[in-house]
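Taking this note's numbering, the leading residue of the sequence shown gets 48, the next gets one more, and so forth. Quick reminder that beta carbons are idealized off the backbone N, C-alpha and C, glycines included. This report refers to the structure that appears directly beneath it.
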Amino acid sequence: MKFRDYQTRAMDAVFHQWKDVRSTLLVMPTGCGKTVTFAGILQRAYPKRGLVIAHREELIFQAQSKIQQITGWNVAIEMGELHADLHDGMFGGPQAVVSTIQTQTTGGDGLGRMSKFLPEQFGVVVVDEGHHGTSASYRRVMDYYGQNPDIKFLYVTATPDRADEEALGQVCESVAMDYEILDAIHDGWLVPVDQRFVVVQGLDFSGVRTTAGDLNGADLAEVMEEEKNLHGVVGPTLEIIGDRRTLVFAASVAQAERMSEVFNRHRPGCSAWICGKTPKDARRAVLRDFSDGKLQVVCNVGVLTEGFDNPSVEVIVMARPTKSRALYAQMAGRAIRPLDEIAHLLNDVPDAEARRAMIAASRKARCEVIDFVGNSGRHKLIT
48 MKFRDYQTRA MDAVFHQWKD VRSTLLVMPT GCGKTVTFAG ILQRAYPKRG
98 LVIAHREELI FQAQSKIQQI TGWNVAIEMG ELHADLHDGM FGGPQAVVST
148 IQTQTTGGDG LGRMSKFLPE QFGVVVVDEG HHGTSASYRR VMDYYGQNPD
198 IKFLYVTATP DRADEEALGQ VCESVAMDYE ILDAIHDGWL VPVDQRFVVV
248 QGLDFSGVRT TAGDLNGADL AEVMEEEKNL HGVVGPTLEI IGDRRTLVFA
298 ASVAQAERMS EVFNRHRPGC SAWICGKTPK DARRAVLRDF SDGKLQVVCN
348 VGVLTEGFDN PSVEVIVMAR PTKSRALYAQ MAGRAIRPLD EIAHLLNDVP
398 DAEARRAMIA ASRKARCEVI DFVGNSGRHK LIT
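Now the structure itself:
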């Protein structure tokens, strides 16, 4: 496996940090191969067994597939009805295990299913989407495996905001590497971003409270669900996007559903919506139709901010204003991947200027983020 230069630098930096600390943080933007990078780290740490923990089922299967692809290892899943047997097989058990945090902390003998494993059976624990790693459930799991005095922890995340950084400082002893979106764009790995501001008359956030550092969800939903604001978002969006594939981030289920209705009223059959309660089969069908080009616009509520990779996305619609830099970066990051048809070719181009030229000459030379602004009141929104 040939790694990109920044991925190799990241691996070197992590192992350098591990000489002096137990836990370190790796910051790498969406589209830059976080999973590839930590798979390479696990491979380099062998024969120490790796454990990867994430919070969503989709991330578990992605991690298993990528680690297997890069290492050729037996990678087991501990989740739901899937069980990892570390003593299974003629030549020993799996070299790595991937598991959800929910699986680790539920079931078992009261400790959760993590209690079926001994801390000494693992040498490296990777926390995917590491900004979640500051929660009580993650800390409990890390404390359990941390009983092994020789274990190392790696938290991997895209750009964290200041609140995340402060919280992560309580669980990570160092930052191994911070590779930002602008670095990756300049180096010719990601697509340049055009940001467009659209003023919606009457869009007023001055009455929205702040909860846990971001706009209060219920207050924000009430504003964004107003009929005039729905049309104030959908109308300009249709004018701007043309035939480009578009993801819309909404503040509530009602807003996503109504926006999709309005999109379809203007352009029949162009849109669908999904949320966390959408049945998995239905969600997969919507995303498959979107990937195949049968749908142009997908409105979603919080389900596509992480773990969704579709390089054909060219436009992000921020119909869910935020004060969180991390959340904004995650949403915008859904559009910054270059098309698959050139992504693998970039790996063979050693020069950043040449990679940028290759992206500029592709069918997706740039992507666009549409911000809807009005009266933000006392709030400093991320734009």
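1) Under three-state DSSP, which class holds Trp320?
2) Please state if the CB of Val295 and the CB of Val364 are separated by a distance shorter than 8 Å.
3) State the Cα-Cα distance for the pair Gly260 and Lys370, rounded to the nearest angstrom.
4) Can you grab the Cα-Cα spacing for the pair Asn263 / Ile198, in whole Å?
5) In the DSSP output, which residue or residues are listed as bridge partners for Leu262?
6) When you compare only the Cα positions, how much space is there between Tyr192 and Glu167?
7) Going by beta carbon distance, what residues of the same chain come within less than 6 Å of Gly354, once the five residues before and after it are set aside?
8) Specify, as a first and last residue, the run of the beta strand (DSSP E) that Ser146 falls within.
9) In this structure, does DSSP put Lys95 in helix, strand or coil?
10) If you follow the alpha helix (DSSP H) that Lys199 is part of, which residue opens it and which one closes it?
11) Within 10 angstroms of the Cβ of Leu89, are there 16 or more other Cβ atoms? Answer buried if so, exposed if not.
12) Tell me where the alpha helix (DSSP H) around Phe441 begins and ends.
13) Which residue or residues does DSSP assign as beta-bridge partners of Phe337?
14) Alpha carbon to alpha carbon, how far is Gly177 from Met48? Give it in angstroms, no decimals.
15) How many whole angstroms separate the CB atoms of Gly87 and Met126, which I take to be in contact at a CB cut-off of 8 Å?
16) Of the choices Arg69, Asp418 and Thr71, whose alpha-carbon is the least far from that of Val246?
17) Is Phe40 helix, strand or coil by DSSP?
18) Can you give me the C-alpha to C-alpha distance between Ser423 and Asn195, rounded to a whole angstrom?
19) Use the C-beta contact count for Pro315: other C-beta atoms within 10 angstroms, 16 or more gives buried, fewer gives exposed.
20) On the three-pair Cβ rule with 8 Å, is the segment 117-131 touching the segment 66-81?
21) Near Leu334, what residues of its chain come up, given a Cβ to Cβ distance below 8 Å and the 5 sequence neighbours on each side ignored?
22) If you follow the alpha helix (DSSP H) that Asp190 is part of, which residue opens it and which one closes it?
23) In or out: Pro385 buried (at least 16 other Cβ within 10 Å) or exposed?
24) Which partner residues does Ile228 have in the DSSP bridge list?
25) So is Asn347 buried or exposed if we call it buried at 16+ other beta carbons inside 10 Å?
26) Give me the DSSP bridge partner(s) of Ile100.
27) Decide if Phe337 is buried, meaning its Cβ has at least 16 other Cβ atoms within 10 Å, or exposed.
28) Taking the beta carbon of Phe244 as the centre, do at least 16 other beta carbons fall within 10 Å, making it buried, or is it exposed?
29) Does Lys324 pass the burial test, meaning 16 or more other C-beta atoms within 10 Å, or should it be called exposed?
With the structure as the only source:
1) strand
2) yes
3) 7 Å
4) 39 Å
5) Thr257
6) 8 Å
7) Arg103, Glu105 and Leu106
8) Ala143 to Thr147
9) coil
10) Unbroken run through Lys199 is the beta strand (DSSP E), Lys199 to Thr204; no alpha helix (DSSP H).
11) buried
12) Nothing can be reported for residue 441: it is not among the residues displayed for the chain, which extend from 48 to 430.
13) DSSP output for Phe337 lists no bridge partner at all.
14) 25 Å
15) So it is not a contact: roughly 23 Å between Cβ atoms.
16) Asp418
17) The question about residue 40 has no answer here: the residues shown for the chain are numbered 48 through 430.
18) Unreliable positioning characterises Ser423 in this predicted model, as indicated by a pLDDT of 48, which lies under 50. The coordinate reading is nonetheless provided below. C-alpha separation (whole angstroms): 49 Å.
19) exposed
20) no
21) Ile321, Val345, Phe355 and Asn357
22) Ala183 to Tyr192
23) buried
24) Its beta-bridge partners do not exist; DSSP assigns none.
25) buried
26) Ser146 and Val174
27) buried
28) exposed
29) exposed
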